Amino acid sequence: MFTLESGSGFWNPLIWILIVFIAFLLFYGIRGFGKNIHKKGTEQTKAFLSGNKESAPEDMHVKASNLYWGFTTSMKALYAGLRKMHTGNTSDYILWFVVVLAVLFIIFGVM
Amino acid sequence: MTLEEILIQHSPALVIAIPLLSAFLMPLISRINAKLRNVFAIAMLGLTGCFIWLLATDVLTSGPRVYIFGAKNLTIPVVRILFEVDSIGIFMAIITIMLAIIAVIYSWSFMNEQDGLDKYYTLLLLLVTSALGMEFTGDIFNFFVFLEISCIASCALIAFWVTEGEALEAAFKYIVVSAIGALFVLFAIGVLYAQYDALNIATLAQALQYTFLDKIVLILLLVVLGMKAGLAPMHMWLPDAYGRAPPSVTLIIISATLASFYGVLRVIFTLYGNVLTTSMRFDFPLHVIIGWVLIVLAIVSILIGVIMALIQSDFMRLIGYTAVAEVGYMFLAIGTTVAALGAPYATVALQGGILHLLNDAIDIGLLFLVAGAIYYVTKKRSLDDIGGLARTMKYTTVFFIVALLAVAGMPPLNGFTSKFLIYESVYQLNPILSIVAILCSILLLAIFIKVLYAAFLGPELPALKDVKEAPKSMLLAMGLFAGLAILIGLFPNLFIDTLVKPAADALLNHAQYITMVIGGI
Numbered sequence: 268m269f270t271l272e273s274g275s276g277f278w279n280p281l282i283w284i285l286i287v288f289i290a291f292l293l294f295y296g297i298r299g300f301g302k303n304i305h306k307k308g309t310e311q312t313k314a315f316l317s318g319n320k321e322s323a324p325e326d327m328h329v330k331a332s333n334l335y336w337g338f339t340t341s342m343k344a345l346y347a348g349l350r351k352m353h354t355g356n357t358s359d360y361i362l363w364f365v366v367v368l369a370v371l372f373i374i375f376g377v378m
Numbered sequence: 002m003t004l005e006e007i008l009i010q011h012s013p014a015l016v017i018a019i020p021l022l023s024a025f026l027m028p029l030i031s032r033i034n035a036k037l038r039n040v041f042a043i044a045m046l047g048l049t050g051c052f053i054w055l056l057a058t059d060v061l062t063s064g065p066r067v068y069i070f071g072a073k074n075l076t077i078p079v080v081r082i083l084f085e086v087d088s089i090g091i092f093m094a095i096i097t098i099m100l101a102i103i104a105v106i107y108s109w110s111f112m113n114e115q116d117g118l119d120k121y122y123t124l125l126l127l128l129v130t131s132a133l134g135m136e137f138t139g140d141i142f143n144f145f146v147f148l149e150i151s152c153i154a155s156c157a158l159i160a161f162w163v164t165e166g167e168a169l170e171a172a173f174k175y176i177v178v179s180a181i182g183a184l185f186v187l188f189a190i191g192v193l194y195a196q197y198d199a200l201n202i203a204t205l206a207q208a209l210q211y212t213f214l215d216k217i218v219l220i221l222l223l224v225v226l227g228m229k230a231g232l233a234p235m236h237m238w239l240p241d242a243y244g245r246a247p248p249s250v251t252l253i254i255i256s257a258t259l260a261s262f263y264g265v266l267r268v269i270f271t272l273y274g275n276v277l278t279t280s281m282r283f284d285f286p287l288h289v290i291i292g293w294v295l296i297v298l299a300i301v302s303i304l305i306g307v308i309m310a311l312i313q314s315d316f317m318r319l320i321g322y323t324a325v326a327e328v329g330y331m332f333l334a335i336g337t338t339v340a341a342l343g344a345p346y347a348t349v350a351l352q353g354g355i356l357h358l359l360n361d362a363i364d365i366g367l368l369f370l371v372a373g374a375i376y377y378v379t380k381k382r383s384l385d386d387i388g389g390l391a392r393t394m395k396y397t398t399v400f401f402i403v404a405l406l407a408v409a410g411m412p413p414l415n416g417f418t419s420k421f422l423i424y425e426s427v428y429q430l431n432p433i434l435s436i437v438a439i440l441c442s443i444l445l446l447a448i449f450i451k452v453l454y455a456a457f458l459g460p461e462l463p464a465l466k467d468v469k470e471a472p473k474s475m476l477l478a479m480g481l482f483a484g485l486a487i488l489i490g491l492f493p494n495l496f497i498d499t500l501v502k503p504a505a506d507a508l509l510n511h512a513q514y515i516t517m518v519i520g521g522i
């Protein structure tokens, strides 16, 4: 009931949950060796921004568009091509349909 | 005959008749009372679900069922339609009715303040009828009729928020793409009818010779149904439509999209099942060519889906692109099955692909409901305008995390189970394909981690200070999906043994389908 066979391997969610649980216990145990020196509401908990003034929390929230900036910038050429493909023009939607039809006609025609 | 036996006997007709008649009764019921309208919608879908359940128990224990509308004997020229219900049809019907019931529960609160709800529920029931019809019919022209009903009802529902210009634009694009696709389907059916003087799928499958015209029909049906299922590079209508329709509507459109995917399965495995091993030029069997064509389109879909989803800031549009990638995974599994037809891992790939149909409906459906809940309480679509919602929307956050992990294929949720079967089988066909699929799954995780951070984590935004948790009916709908995602993840064999394996067998054993229907005639 729990073991899923794929012919070349298997998957058992219960074993996975057991391993995660053991890992959690291990982490918790290791955490217990640490010293509790954290004091709430003191200088200790303030962010150090190289001497700059801390902005309001809402101003420090990184917007969704800015996340993965590095990835999207390094993939600029790919994204330029994909953006060009997604014109939002209905004629282009039909054009892609015709292109796929034509390619398949050629493949099946040749074969 | 007992009452139960009579009900089981007529259940294929009742499964279609109940939502269809309810759709036409809806404007009348709506005039009486809004609450009665809501109760009526869920009751009729519940009743349809009961008949699907009855039919499922019968089909899974006694084999496929043939139901004839019209004359029993073919002694005189008559108009008649055959419904053929096998395990794959039942599997699809279960997905459709599950999505419909959850959509209606969600709509109670989500659509509460909208006008024109009589039309909304009428169209919703019509869309459910069309999807169920596509899944049960054994007649290819009848399939076209249901496909057309689905196109028209979907278009009207996508444009439901008629005051938003972009909703109208998305609906316009959808109807243009669908109408052109439907015309090609009609043309393909005409070619088949002209050649074989038949419209019944089993009769056509038996008579099919794979002539030059049959080649054209195969390509037309594959491309049109692929486009309707959201296969790249013909996917562009999908993020537009999914992104602009009310999320409850998107759930039903997902079922119509999956019905088109089912159409692809029927065309390949049943209609062309007898000729798949035909040897082509250079000694390539037909199934290898079809399989690799599907695999290439599937990989393109996965790549375009995840890469484009990464840069979206509109939450619903982002999920739309993710849905394209998920459709890619299903086509990858089916392509592998067809390319490696006869190999042991081909069956595993098919089972993975079929299970992924169910998982896609649950995971993508849940994501849309979460996006809808955020839109409901904040009236914002862009991820740039929201943040810190986990403070006020605790349950929605938990449901989103479940959806995030499930759609990214993280254990122990349902998405992992089907992707595990897909990766393992695809790896045996070509390891590179499997690696690409796994990498894209990791990218999917990255995409939704971005959403988690942008929408739910971070500081509380002053503009969203008064935001409250989504209403109870919406939470219930999301909870049902989340529960199913966990249940399938923890007990995969429960679903695979009872539903997925019989569905895969029904597709692979096309000779049984033909014999059953021809015998039934």
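In the order they appear, the protein sequences are chains R and S. Per the working numbering, the very first residue in the first sequence carries number 268; after that it's consecutive. Per the working numbering, the very first residue in the second sequence carries number 2; after that it's consecutive. Yeah, the Cβ is synthetic: ideal placement off N, Cα and C, and Gly gets one too. Keep in mind it's a predicted model, so treat the numbers as computed, not measured.
_I need the DSSP call for Ser383/S, collapsed to helix, strand or coil._
strand
*Are the Cβ atoms of Asp355/S and Ala246/S separated by less than 7 Å?*
The residue you asked about is not Asp; residue 355/S is Ile in the sequence shown. Not closer than 7 Å, so no.
*Phe492/S lies in the alpha helix (DSSP H); which residues open and close that run?*
Where Phe492/S is concerned, there is no enclosing alpha helix (DSSP H), given that its DSSP letter is neither H nor E.
_For the ligand SAM, I want to know if Ile150/S counts as a neighbour, meaning its beta carbon is within less than 6 Å of at least one of the ligand's heavy atoms._
You won't find the ligand SAM in this model; it holds no ligand whatsoever.
*Which bits of chain R does Trp162/S rub up against, with CB to CB less than 9 Å?*
Per Cβ cutoff of 9 Å: no residues; Trp162/S is ~18 Å from chain R at best.
*For chain R, find out if any of its Cβ atoms is closer than 7 Å to the Cβ of Pro13/S; answer yes or no.*
no
*Three or more C-beta pairs below 8 Å linking the stretch 170-187 of chain S and the stretch 141-159 of chain S*: yes
*asked:* Between which residues of its own chain and Ile141/S is the CB-CB distance below 8 Å, once the five residues before and five after are set aside?
replied: Ile190, Leu193, Leu200, Asn201, Ile202, Leu205, Leu272
*N-terminal and C-terminal residue of the alpha helix (DSSP H) that Thr170/S is part of*: For the sequence presented, residue 170/S should be read as Glu rather than Thr. It spans 166-197 - the alpha helix (DSSP H) in which Glu170/S sits, taken as one unbroken run.
*Report the residues of the stretch 336-365 of chain R with a CB closer than 8 Å to any CB of chain S, ordered along the chain.*
Phe338, Thr339, Met342, Leu345, Tyr346, Leu349, Met352, His353, Gly355, Thr357, Asp359, Tyr360, Ile361, Trp363, Phe364
*Report the three-state DSSP secondary structure of Thr251/S (helix, strand or coil).*
helix
_Can you tell me whether Pro412/S is helix, strand or coil according to DSSP?_
coil
_Given Phe401/S as reference, the closest of Met479/S, Ala324/S, Ile439/S, Leu26/S once Cα atoms are compared_ = Met479/S
*What is the DSSP secondary structure of Tyr428/S, reduced to helix, strand or coil?*
helix
*Is the Cβ-Cβ distance between Leu226/S and Phe185/S less than 7 Å?*
no
_Starting from Tyr68/S, trace the beta strand (DSSP E) in both directions and tell me its first and last residue._
66-70
*With a CB to CB cut of under 8 Å and the five nearest residues on each side skipped, what residues in its chain are close to Gly274/R?*
none
_chain R contacts made by the stretch 174-196 of chain S, where a contact means CB separation under 9 Å_ = Lys174, Val177, Val178, Ile181, Gly182, Phe185
*Gly274/S to Leu342/S, Cα distance in whole Å?*
11 Å
*To the nearest angstrom, how far is it from the Cα of Lys502/S to the Cα of Gln352/S?*
6 Å
*Give a yes or no on whether 7 Å exceeds the smallest Cβ distance from Leu422/S to chain R.*
yes
*Helix, strand or coil for Ser341/R, going by three-state DSSP, please let me know.*
helix
_Which residues does DSSP list as the beta-bridge partners of Asp315/S?_
Ser383/S
*Ends of the beta strand (DSSP E) at Leu83/S?*
82-86
*What does Glu325/R touch in chain S if you count any residue whose Cβ is under 7 Å from its own?*
Pro460, Leu462, Pro463
_Member of Pro248/S, Gly336/S, Tyr330/S, Met27/S whose CA lies at the smallest distance from the CA of Ile106/S_ = Pro248/S
*Using a Cβ cut-off of 7 Å (strictly closer), state whether Trp293/S contacts chain R.*
no
*Could you name the residues of the same chain whose beta carbon sits closer than 7 Å to that of Leu406/S, not counting the 5 residues immediately before and after it, in chain order?*
Leu414
*With burial defined as no fewer than 16 other Cβ atoms inside 10 Å of the residue's Cβ, what is the status of Gly301/R: buried or exposed?*
exposed
*Spatial distance of Tyr211/S from Val276/S (CA atoms)*: 7 Å
_Rounded to the nearest angstrom, what separates Gly329/S and Ala233/S at their Cα positions?_
8 Å
*Please check if any C-beta of chain S sits within less than 7 Å of the C-beta of Leu316/R.*
no
*Would you tell me roughly how many angstroms separate the C-alpha atoms of Val377/R and Ile290/S, rounded to the nearest one?*
11 Å
*To which residues of the same chain is Arg382/S closer than 7 Å at the C-beta, ignoring the five residues directly before and after it?*
Asp315, Phe316, Met317, Tyr376
*Could you pull out every residue in the same chain whose Cβ sits closer than 7 Å to the Cβ of Tyr396/S, ignoring the five residues on either side in sequence?*
Glu470, Leu476
*Taking Val297/S as the reference, which of Ala104/S, Ala507/S, Ser435/S has the closest Cα?*
Ser435/S
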